[in-house]
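Colleague:
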Amino acid sequence: MYLARACELAARGIGNTSPNPPVGAVLVRDGVTIGEGFHHRRGDPHAEVEALRAAGGDAAGATLYVSLEPCDHDGRTPPCAPAIVAAGVVRVVIGALDPNPKTDARGVERLRAAGVAVDVVNDPEALRLIEPFARAVTSPRPFVTLKLAASLDGHVAPAPEPFWLTGPEARSFVRELRAAHDAVLVGAGTITADDPLLTVRPPYARLVPYRRAVICDGRAVPAESRVFLQADGYAPTLVLAAGPRARFGQLERVAEVAYIGEEDAPSVDLEAALVVVRERGVTSVLCEGGPRLAARLLAAGLVDRLEWLVAPRLLAGPHAVPALGRALAVDQAMAVDRVEHLGDDLRISARPRAAVSNPRGAA
91 MYLARACELA
101 ARGIGNTSPN
111 PPVGAVLVRD
121 GVTIGEGFHH
131 RRGDPHAEVE
141 ALRAAGGDAA
151 GATLYVSLEP
161 CDHDGRTPPC
171 APAIVAAGVV
181 RVVIGALDPN
191 PKTDARGVER
201 LRAAGVAVDV
211 VNDPEALRLI
221 EPFARAVTSP
231 RPFVTLKLAA
241 SLDGHVAPAP
251 EPFWLTGPEA
261 RSFVRELRAA
271 HDAVLVGAGT
281 ITADDPLLTV
291 RPPYARLVPY
301 RRAVICDGRA
311 VPAESRVFLQ
321 ADGYAPTLVL
331 AAGPRARFGQ
341 LERVAEVAYI
351 GEEDAPSVDL
361 EAALVVVRER
371 GVTSVLCEGG
381 PRLAARLLAA
391 GLVDRLEWLV
401 APRLLAGPHA
411 VPALGRALAV
421 DQAMAVDRVE
431 HLGDDLRISA
441 RPRAAVSNPR
451 GAA
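Residue numbers (the working numbering): 91 to 453.
Here it is, written out as structure tokens:
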């Protein structure tokens, strides 16, 4: 119960703690909650410190429930493990170990060395909260979520007259997804067909800069596209381009253009492109591209989480477009860990079966 509450608190910081993970903490003594906290924003006090401050002197003899292993290193803020010891906390229940190789379980070791009882439970929700962070600190690329919306028979809105396939609840969920990631990624076809802004929409907002990225295989999109409009809180749109440099000259005036590969490259190397995105400080990316980009990411094994929205209708016909395109074959086993209704639509959330939830295991 208390760890679940810590995870609920941690979720409030999603999208604003990057590149750090969201963390929540609850202090309990004699079955009564005496302090709560969560990490609001990078550089702000950590969840444990907020909970300790709320509890004051009552923290002595208490149990701390925290979604992620308390840190034991100096950063923008002092380490949390010594503060927990100094407050007199006698037991700490940890939802997930810190996946950062630099941490190496030092938080747990510091607590146990001071006589604090420590339990690491590898809670599924706690692990889910740190998925983007775990990818970003152990890999040169960011965490990638692929969002797809399709009919029951596996098609997207048919050409040449696309329409809203899913209902308002599903669209609200997608806005929430966008705000939870550091960047949104689409292909040139999406820009040409829909001319989207790709911004974070109310009621969601982010306290850290947001990035929009566009994959351009051999051809540029119009420089007048709305995705290039500047706005407060947004980094310049990033164009990830392959092909002759001269074709993208107009975009260099309105966006940051990163060339992937040689000028004769037929398409963008997606893994190399994601490394470039990570180098810009992005730890998590939501792909809202079309069927071709979605299939390419899956085929390359670059999707860390799949969010598949299924609308209760059938679209088979001469103009129907398969959700994963027609050109590529995708054969990948997925592990579904969440299914829920969003209005009339169905959300299926899954990860590749080969993904390791917690490479460090329990302590």
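Ideal Cβ positions, reconstructed from N, Cα and C, are used throughout, including at glycine.
With a CB to CB cut of under 8 Å and the five nearest residues on each side skipped, what residues in its chain are close to residue 163?
Modeller: Correct list, in chain order: 169, 192, 193 and 196.
Colleague: State the DSSP-derived secondary structure class of residue 279, mapped to helix, strand or coil.
Modeller: The answer is helix: DSSP assigns residue 279 an H, G or I state.
Colleague: Pair every Cβ in the stretch 237–245 with every Cβ in the stretch 404–413, then say whether three or more of these pairs are closer than 8 Å.
Modeller: Judged by Cβ distances under 8 Å, the stretch 237–245 makes contact with the stretch 404–413, as three or more pairs qualify.
Colleague: Who are the Cβ neighbours of residue 231 in its own chain at under 8 Å, not counting the five residues just before and after it?
Modeller: Correct list, in chain order: 225, 361, 364, 365, 367, 368 and 392.
Colleague: Just confirm the distance between the C-beta atoms of residue 332 and residue 355, as a whole number of angstroms; I'd bet it's less than 8 Å.
Modeller: Indeed, because the Cβ distance is near 4 Å, the residues count as touching under 8 Å.
Colleague: In three-state terms, what does DSSP make of residue 381?
Modeller: Helix, per DSSP.
Colleague: Quick one: residues in its chain with C-beta nearer than 8 Å to the C-beta of residue 97, no 5 flanking neighbours on either side, listed in chain order?
Modeller: Excluding residues within five positions, the ones whose Cβ falls inside 8 Å are 114, 157, 185, 213, 215, 216 and 219.
Colleague: Do residue 325 and residue 299 have their CB atoms nearer than 7 Å?
Modeller: In this structure, residue 299 lies closer than 7 Å to residue 325 by Cβ.
Colleague: Considering Cα atoms alone, identify which of 152, 330, 149 and 345 is closest to residue 359.
Modeller: Ranking the options by Cα distance to residue 359, first place goes to 330.
Colleague: CB residue 374 to CB residue 307, shorter than 7 Å?
Modeller: For residue 374 and residue 307, no; Cβs fall outside 7 Å.
Colleague: Between the Cα of residue 187 and the Cα atoms of 160, 206 and 204, which residue gives the shortest distance?
Modeller: Nearest C-alpha to residue 187: 160.
Colleague: Tell me which same chain residues have a C-beta within less than 6 Å of the C-beta of residue 153, skipping the five on either side of it?
Modeller: Contacts found: 118 and 181.
Colleague: Measuring CB atoms only, is the stretch 384–402 touching the stretch 127–139, in the sense that at least three cross pairs come out at less than 8 Å?
Modeller: With a cut-off of 8 Å, the stretch 127–139 and the stretch 384–402 do not count as touching, because too few Cβ pairs lie within range.
Colleague: Taking C-alpha atoms, which residue in 352, 343, 261 and 444 lies nearest to residue 315?
Modeller: Nearest option by C-alpha distance: 343.
Colleague: My understanding is that residue 204 touches residue 175, with C-beta atoms under 8 Å, so please give their C-beta distance in whole angstroms.
Modeller: The Cβ separation is near 4 Å, so the contact holds.
Colleague: With DSSP run on the structure shown, which of helix, strand or coil describes residue 181?
Modeller: In this structure, residue 181 counts as strand in the three-state DSSP scheme.
Colleague: Helix, strand or coil, according to DSSP, for residue 174 in the structure here?
Modeller: Here residue 174 sits in helix by DSSP.
Colleague: Could you tell me which uninterrupted alpha helix (DSSP H) segments, each at least 4 residues in length, are contained entirely in the stretch 338–375, listed from first to last along the chain?
Modeller: DSSP runs (the alpha helix (DSSP H)) wholly in the stretch 338–375: 360–369.
Colleague: Run through the DSSP bridge pairs and tell me what residue 290 is partnered with.
Modeller: Looking at the DSSP assignment, residue 290 forms no beta bridge with any residue, so it has no partner.
Colleague: Would DSSP call residue 269 helix, strand or coil?
Modeller: In the structure shown, residue 269 sits in a helix (DSSP, three-state: H, G or I).
Colleague: Using DSSP bridges, identify the partner residues of residue 306.
Modeller: DSSP lists 331 as partners of residue 306.
Colleague: Classify residue 108: buried if its beta carbon has 16 or more other beta carbons within 10 angstroms, exposed otherwise.
Modeller: Residue 108 comes out buried.
Colleague: So the candidates are 255, 301, 317 and 262; which of them puts its Cα closest to the Cα of residue 280?
Modeller: Measuring from the Cα of residue 280, the nearest candidate turns out to be 317.
Colleague: Under 7 Å, do residue 425 and residue 437 count as touching if we go by C-beta distance?
Modeller: Not in contact: residue 425 and residue 437 (Cβ atoms no closer than 7 Å).
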